[in-house]
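Residues in the sequence shown are numbered from 26 upward in steps of one, following this note's numbering.
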Amino acid sequence: MSRDRALLERALDRGEQDGGNVEFKERLSRDVHLEGGRRESLAAQLRHRLLSGDGEATYVVGVTDDGGLAGIDPDTFSETMDVLSLLAEEADAHIEDVQTWGINGVSDSLESDTDRPSKTAERGLVGVAQVREGGVLETDDEHVVVGTAGHVDHGKSTLVGSLVTGKADDGDGATRAFLDVQPHEVERGLSADLSYAVYGFDDEGPVRVRNPNRKADRAEVVQEADRLVSFVDTVGHEPWLRTTIRGLVGQKLDYGLLVVAADDGPTRTTREHLGVLLATELPTIVAITKIDAVDDDRVAEVEREVERLLRDVDKSPLRVSRHGVDAAVEEINDRVVPIVETSAITMDGLETLDELFDRLPKTSQDTGEFRMYVDRSYSVTGVGAVASGTIMAGEVEAGDELLIGPMPDGRFQEVEVRSIEMHYHRVDQAQAGRIVGIALKGIKESAIERGMVLLPRDADPDPVREFEAEVMVLNHPTRIGEGYEPVVHLETIGEAAVFHPENGRLLPGDTGTTTVKFKFRPYLVEEGQKFVFREGRSKGVGTVTDVSPME
């Protein structure tokens, strides 16, 4: 019997005990269970279950009163979870986790990125919802978002893993595994997609993740910390530069963390990633990692190489070991770059990074109405389509009516927010800068694509097929001429486009105006947005200066 199936069996067994903290429900509906006195009665019942379970209750859904497996269809299950969430709010509690099964035993989880609907949909769903005392978190606290960059095997994920857990690495990348999201990444020790991590601070210091492999522990950090620091961990391997650009350009970052290994020093990839950080105008910290692997002379040599690299691009390096954390906090900006020496094995320098991340102010500004570009989408059994990404502006609440698009034909579709999760913790609202997953009612996951945007329903968006931009060519073997076709990375958009330079060509180092036309479909593009373009070893940066809505 699987562990998940055993959870269901235990819940069914415990439900037979009168007066316990387990409640059986076949279904809950808005029309029946939230009308009249039913809502107050059911909320009181939930409070009784919480009291019996020392602040925890278990609701088994899709079963009869005597525990028989009935099964309900996914839409009914989703409505049941919505109603249970409202009852929990009435009882000053929240749904912490949900496990779902097809009544034939096929298992899935609310927090899974994949769905297996074929067997489940045939016979219906059974679910176990864990309800915990305490209201749903309101994310009003300061929240700093940091994007990592650097060459493959220079220790980005390992450093972040040690920061968020407070645990030393074993020399074989054990803490890196806390961030990598795919089995082949763990096996090879190479990240192939963006991954995320979080820790925080309160009056007593860092609030770390006890066990990053438990989603509930990561959610607990979000609940307990007064200040949160989220990491968007990018990819160092050169073939996945596109993914790194997406992570640095498509997220609402406050700071960049450029990692350079002491045994290897700055590489071509280091320079490329620094170029992307420059394009985003992010204030950046450089962490020299693996100082335990070399002698002091080598550390000093690499530090000098990093300083030369920064001066070459008009940046002023600031050694934190010499000038102190106070100076780093006061001086860091788009010109001054603090440098910290670290080791995830000996934990040298990690206290310095802790102090920096605890004290550094938030830099990204929250302007305008709600807007979130979609970075990923997935389907969750009993919940439906989920769009995840970083909120770029405004705030969103459960129950909000939104638009999502543009679709390939340029239209936007109306949707409703079912629920919001941040680092596996369900929240009732989220503001700009938060990395969230938003469950949407009114759209299938297959219709959601990376690069789409979520907006308020009363917005009047104009999808864009082409726009004018001011661009700078950072690197190109010859010249950029009429019809040049790079990939443009703007927010989470990564799309082939055609350039038409104003004067017919742009040379390396040139700055000029060009028309940019997406080859395949429209997107929402606005004046002032920055982007990166690349094709082979050719790279450049740009700023949108004028847009041309679709006719």
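All C-beta atoms, glycine included, are put in the ideal place defined by N, C-alpha and C.
Can you have a look at residue i and say buried or exposed, based on whether 16 or more other CB atoms are within 10 angstroms of its CB?
| i | result |
| --- | --- |
| residue 125 | buried |
| residue 569 | buried |
| residue 377 | buried |
| residue 455 | buried |
| residue 386 | exposed |
| residue 545 | exposed |
| residue 451 | buried |
| residue 101 | buried |
| residue 536 | exposed |
| residue 171 | buried |
| residue 50 | buried |
| residue 56 | exposed |
| residue 69 | exposed |
| residue 462 | buried |
| residue 89 | exposed |
| residue 62 | exposed |
| residue 532 | exposed |
| residue 182 | buried |
| residue 249 | exposed |
| residue 534 | exposed |
| residue 85 | buried |
| residue 567 | buried |
| residue 151 | buried |
Just to check my reading of the structure: residue i and residue j have Cβ atoms closer than 8 Å, yes? What is that Cβ distance to the nearest angstrom?
| i | j | result |
| --- | --- | --- |
| residue 435 | residue 498 | Actually they are not in contact, since the Cβ atoms of residue 435 and residue 498 sit about 31 Å apart, beyond 8 Å. |
| residue 384 | residue 354 | 5 Å |
| residue 193 | residue 372 | 5 Å |
| residue 251 | residue 226 | 6 Å |
| residue 343 | residue 356 | 6 Å |
| residue 185 | residue 154 | The Cβ separation is near 32 Å, so there is no contact. |
| residue 111 | residue 71 | Going by Cβ atoms, the distance from residue 111 to residue 71 rounds to 11 Å, so no, they are not a contact pair. |
| residue 105 | residue 47 | Actually they are not in contact, since the Cβ atoms of residue 105 and residue 47 sit about 16 Å apart, beyond 8 Å. |
| residue 52 | residue 115 | Contact flag wrong, Cβ pair sits at about 18 Å. |
| residue 529 | residue 506 | 7 Å |
| residue 120 | residue 109 | 6 Å |
| residue 437 | residue 486 | 6 Å |
| residue 577 | residue 425 | Look at the range of the chain in this structure, 26 to 576, and you will see that residue 577 is not part of it. |
| residue 338 | residue 375 | That pair is no contact at about 27 Å. |
| residue 538 | residue 551 | 18 Å between Cβ atoms; not a contact. |
Cutting at 6 Å between CB atoms, please list the residues of its own chain near residue i, excluding the five before and the five after it.
| i | result |
| --- | --- |
| residue 158 | 75, 80, 118 |
| residue 380 | 350 |
| residue 334 | 291 |
| residue 277 | 389, 415, 417, 458 |
| residue 411 | 403, 405, 462, 464 |
| residue 398 | 414, 478, 516, 517 |
| residue 134 | Residue placement at residue 134 is flagged as unreliable, the pLDDT there being 37, under the threshold of 50; a coordinate-derived value is accordingly withheld. |
| residue 560 | 511 |
| residue 176 | 261, 292, 294, 295 |
| residue 297 | none |
| residue 571 | 493 |
| residue 422 | 454 |
With a threshold of 8 Å on Cβ separation, who are the neighbours of residue i within its own chain once the five nearest residues in sequence on each side are excluded?
| i | result |
| --- | --- |
| residue 522 | 510, 511, 512, 513, 541, 542, 543, 544, 558 |
| residue 103 | 407, 408, 409, 443, 466 |
| residue 520 | 476, 512, 513, 543, 544, 545, 546, 548 |
| residue 393 | 418, 419 |
Grab me the residues of residue i's own chain with a C-beta within less than 7 Å of its C-beta, minus the 5 sequence neighbours each way, in chain order.
| i | result |
| --- | --- |
| residue 180 | 284, 286, 314, 315, 369 |
| residue 302 | 174, 273, 281, 283, 309 |
| residue 547 | 431, 435, 488, 489, 490, 575 |
| residue 224 | 188, 189, 231, 232, 233, 234, 246, 254 |
| residue 91 | none |
| residue 196 | 370 |
| residue 330 | 290, 291 |
| residue 469 | 410 |
| residue 358 | 308 |
| residue 346 | 366 |
Contact between the region 310-328 and the region 282-294 (3+ Cβ pairs under 8 Å): In short, these stretches touch, since the Cβ pair count reaches three.
Cβ contact (3+ pairs, closer than 8 Å) linking the region 465-480 and the region 426-433: Yes, they touch.
Inter-stretch contact (C-beta, 8 Å, three-pair minimum) for the region 307-323 and the region 362-369: Three or more Cβ pairs drawn from the region 307-323 and the region 362-369 lie within less than 8 Å of each other, which places the two stretches in contact.
Residue ranges of each beta strand (DSSP E) within the region 446-512, 3 or longer: Assignment of beta strand (DSSP E) within the region 446-512, counting only whole runs of 3 or more residues, yields 450-456, 460-466, 478-481, 489-500 in chain order.
Sequence ranges, alpha helix (DSSP H) only - wholly within the region 355-399, length at least 4: Listed in chain order, they are 375-384.
Ranges of the beta strand (DSSP E) found wholly within the region 524-559, counting only runs of at least 3: Restricted to the region 524-559, the beta strand (DSSP E) segments that are unbroken, complete and at least 3 residues in length are 536-543, listed in chain order.
Secondary structure, beta strand (DSSP E): runs of 3+ residues fully inside the region 294-350: Whole beta strand (DSSP E) segments, 3+ residues: 309-314, 341-344.
Runs of beta strand (DSSP E) lying entirely within the region 44-98, each at least 3 residues, in chain order: Runs of the beta strand (DSSP E) inside the region 44-98: 47-50, 81-86.
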